[in-house]
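S.K.:
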Amino acid sequence: DWLRSLSPALLRRVLRRWIMAHLQSPMPPTSRHIEEIITKIHTLETPPRWTTQGGINLHFKHGVLHMALPPRLEVHHWPRWEGEERTVSPGDEIDLIGGWRLILSPISGEDARARFKDPDIWHSFIDADSIVGELTLRTRQKGDTFIAFGHTHPRPLRLHMSDLRIPRCVRGQLPLLCDDEKILWGAGCRIADTAKITRKTKSALEIRVIPPAT
Numbered sequence: 086d087w088l089r090s091l092s093p094a095l096l097r098r099v100l101r102r103w104i105m106a107h108l109q110s111p112m113p114p115t116s117r118h119i120e121e122i123i124t125k126i127h128t129l130e131t132p133p134r135w136t137t138q139g140g141i142n143l144h145f146k147h148g149v150l151h152m153a154l155p156p157r158l159e160v161h162h163w164p165r166w167e168g169e170e171r172t173v174s175p176g177d178e179i180d181l182i183g184g185w186r187l188i189l190s191p192i193s194g195e196d197a198r199a200r201f202k203d204p205d206i207w208h209s210f211i212d213a214d215s216i217v218g219e220l221t222l223r224t225r226q227k228g229d230t231f232i233a234f235g236h237t238h239p240r241p242l243r244l245h246m247s248d249l250r251i252p253r254c255v256r257g258q259l260p261l262l263c264d265d266e267k268i269l270w271g272a273g274c275r276i277a278d279t280a281k282i283t284r285k286t287k288s289a290l291e292i293r294v295i296p297p298a299t
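Residues in the sequence shown are numbered from 86 upward in steps of one, following the numbering used here.
(1) Should ARG293 and SER190 be called a contact, given that it needs their Cβ atoms to be closer than 9 Å?
(2) Determine the burial state of VAL149: buried for a count of at least 16 other Cβ atoms within 10 Å of its Cβ, exposed for fewer.
(3) What does DSSP give as the partner residue(s) for SER193 in the beta ladder?
(4) Can you list, in chain order, the stretches of the beta strand (DSSP E) that have 3 or more residues and sit fully within the stretch 196-269?
(5) CA-CA distance, PRO111 and HIS245?
(6) Please confirm if the stretch 234-250 is in contact with the stretch 275-282, defined as three or more CB-CB distances below 8 Å between the two stretches.
(7) Whole angstroms are fine: how far does the CA of GLY176 sit from the CA of THR286?
(8) Quick one: residues in its chain with C-beta nearer than 6 Å to the C-beta of TRP163, no 5 flanking neighbours on either side, listed in chain order?
(9) Would ALA289 pass as an interface residue toward chain B - the criterion being a Cβ-Cβ separation below 9 Å?
(10) Does the Cβ-Cβ distance between ARG165 and LEU259 come in under 9 Å?
(11) Grab me the residues of TRP87's own chain with a C-beta within less than 6 Å of its C-beta, minus the 5 sequence neighbours each way, in chain order.
(12) Are ILE182 and GLU167 closer than 9 Å when you measure CB to CB?
(13) Starting from LEU91 and walking both ways along the alpha helix (DSSP H), at which residues does that stretch end?
(14) Can you tell me where the beta strand (DSSP E) holding ILE179 begins and where it ends?
(15) What number of angstroms, rounded off, separates the C-alpha of CYS208 from the C-alpha of ALA272?
(16) Pull up the DSSP beta-bridge partners for ILE276, would you.
(17) Determine the DSSP secondary structure at THR124, reduced to helix, strand or coil.
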């Protein structure tokens, strides 16, 4: 009843923060998923249990909404990189392990703002003006920290990967996009909050991870 009493804008904010802060799901909460959950909350005929299109399991119990993570992705469902650290540029296409590809495309800030509202686990956008120095592709290094999207303070990258339930056997091979100062993006880790798209973004970088053809 408390959730139903909130204004639509406040309810969206509460749900988004709840998912990001507590579940730390590999699938970021998209606008589509948030709206689906809100519809269920306001529907009296809502079944006691259901699964969103993003694979998030929800259920009502004694008037309380509970949420559970989607199943852990198997190793072969993760893009991996085993090459040496290398400099990359917008427009590059990089071949990863197992037929996966990483594509970096320059786009305008206006396009990024329009499309950033509905991000995907393998599809992200970062503010190109947030890039300091060279753009590099590498894997995890000892002592790496990361300011995850929606957070304000850096945390050890190993803890962030653990929160996301990324299998230990792939954590050291996940491709990371970095500049001279920080990690901007990591496969399955979302973007860094310091690289997020804002109203002031003039140019952006679209990051796409393409799975192998089946």
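Ideal Cβ placement from N, Cα and C applies to all residues, glycine included.
M.R.: Inspection of the coordinates gives the following:
(1) Counting from one through the sequence shown, the residue named residue 293 turns up at place 208. Counting from one through the sequence shown, the residue named residue 190 turns up at place 105. Going by C-beta atoms, ARG293 is nearer than 9 Å to SER190.
(2) Position 64 of the sequence shown holds residue 149. VAL149 comes out exposed.
(3) For this step, residue 193 is matched to residue 108 along the sequence shown. DSSP lists SER288 as partners of SER193.
(4) 208-212, 220-223, 261-263
(5) Residue 111 sits at position 26 when you count from the first residue of the sequence shown. Residue 245 sits at position 160 when you count from the first residue of the sequence shown. With a pLDDT of only 45 at PRO111, under the threshold of 50, the placement of this residue in the model should not be trusted; the figure read from the coordinates follows. Going from the Cα of PRO111 to the Cα of HIS245 covers about 11 Å.
(6) yes
(7) Within the sequence shown, the letter at position 201 stands for residue 286. Within the sequence shown, the letter at position 91 stands for residue 176. Between THR286 and GLY176, the C-alpha separation is close to 19 Å.
(8) To locate residue 163, count along the sequence shown from 1; it is residue 78. Within the same chain, TRP163 has close Cβ partners VAL255.
(9) In the structure shown, chain B cannot be found, because there is only a single protein chain.
(10) Residue 165 sits at position 80 when you count from the first residue of the sequence shown. Residue 259 sits at position 174 when you count from the first residue of the sequence shown. In contact: ARG165 and LEU259 (Cβ atoms closer than 9 Å).
(11) Counting from 1 along the sequence shown, the entry for residue 87 is found at position 2. Contacts found: none.
(12) For the purposes of this step, residue 182 is taken as the residue at position 97 of the sequence shown. For the purposes of this step, residue 167 is taken as the residue at position 82 of the sequence shown. Yes.
(13) Looking up residue 91 in the sequence shown gives position 6. Looking at the DSSP string, LEU91 is not in any alpha helix (DSSP H), and its letter there is neither H nor E.
(14) Residue 179 sits at position 94 when you count from the first residue of the sequence shown. Start and end: 178-180.
(15) By 1-based counting over the sequence shown, the position of residue 208 is 123. By 1-based counting over the sequence shown, the position of residue 272 is 187. According to the sequence provided, residue 208 is His. The question's Cys does not apply to it. Taking the straight line joining both Cα atoms gives about 9 Å.
(16) Here residue 276 refers to the residue found at position 191 when the sequence shown is read from its first residue. TRP270, per the DSSP bridge assignment.
(17) Here residue 124 refers to the residue found at position 39 of the sequence shown. Correct three-state label for THR124: helix.
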